[in-house]
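So the structure is just underneath, and the comments pick up after that.
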Amino acid sequence: MGIQDTLKALADPIRREILNLLKNGRLSAGEICEHFPVTGASISRHLSVLKEADLIRDKREGKFIYYELNASVLEEIMLWITDLKGALDNEGNDTEK
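Sequence positions in the sequence shown follow our numbering and run 1494 to 1590.
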């Protein structure tokens, strides 16, 4: 997935909150649903978008599927933003001279 798809997945507040929940450890879809006033089908769709963007991973254990963060994609985004910010900061320094 490209950065555009990742940023699109991050644009939704429910998906950002799901990621926030998962930072504390893996959760099942049912556990995630308990935190939102939306249907299970809606949460399932949000989880699919996050999976497609490679922001989360799933693992089946018996009857349950657990979701966890994929920190490597988040790290890549942070590096890109930091690099972009550094370029902008350097550009600002060049104009001050």
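Backbone N, C-alpha and C define an ideal beta-carbon position, used for all residues, glycine too.
No experiment lies behind these values; they were computed from the predicted model shown.
Round the Cβ separation of A1502 and L1562 to the nearest angstrom and send it over; I've been treating them as touching at under 8 Å.
By 1-based counting over the sequence shown, the position of residue 1502 is 9. By 1-based counting over the sequence shown, the position of residue 1562 is 69. Cβ-Cβ separation between A1502 and L1562: approximately 13 Å, too far for a contact (criterion under 8 Å).
With DSSP run on the structure shown, which of helix, strand or coil describes R1509?
For the purposes of this step, residue 1509 is identified with residue 16 of the sequence shown, where counting begins at 1. R1509: helix per DSSP, three-state reduction.
Can you tell which of G1533, K1552, H1539, F1529 has its C-alpha closest to the C-alpha of G1518?
Residue mapping note: residue 1518 aligns to position 25 of the sequence shown, counting from 1. Of the listed residues, the one whose Cα sits closest to G1518 is K1552.
Apart from the five residues just before and just after T1499, which ones in its own chain have a Cβ nearer than 7 Å to its Cβ?
Numbered from 1 along the sequence shown, position 6 holds the residue referred to as residue 1499. Counting only Cβ-Cβ distances below 7 Å, and skipping sequence neighbours, we find A1546, L1548, V1566, I1570.
Please report the distance separating the alpha-carbon of L1520 from that of Y1559.
Mapped onto the sequence shown, residue 1520 falls at position 27. Mapped onto the sequence shown, residue 1559 falls at position 66. Take the alpha-carbon of L1520 and the one of Y1559: they are about 5 Å apart.
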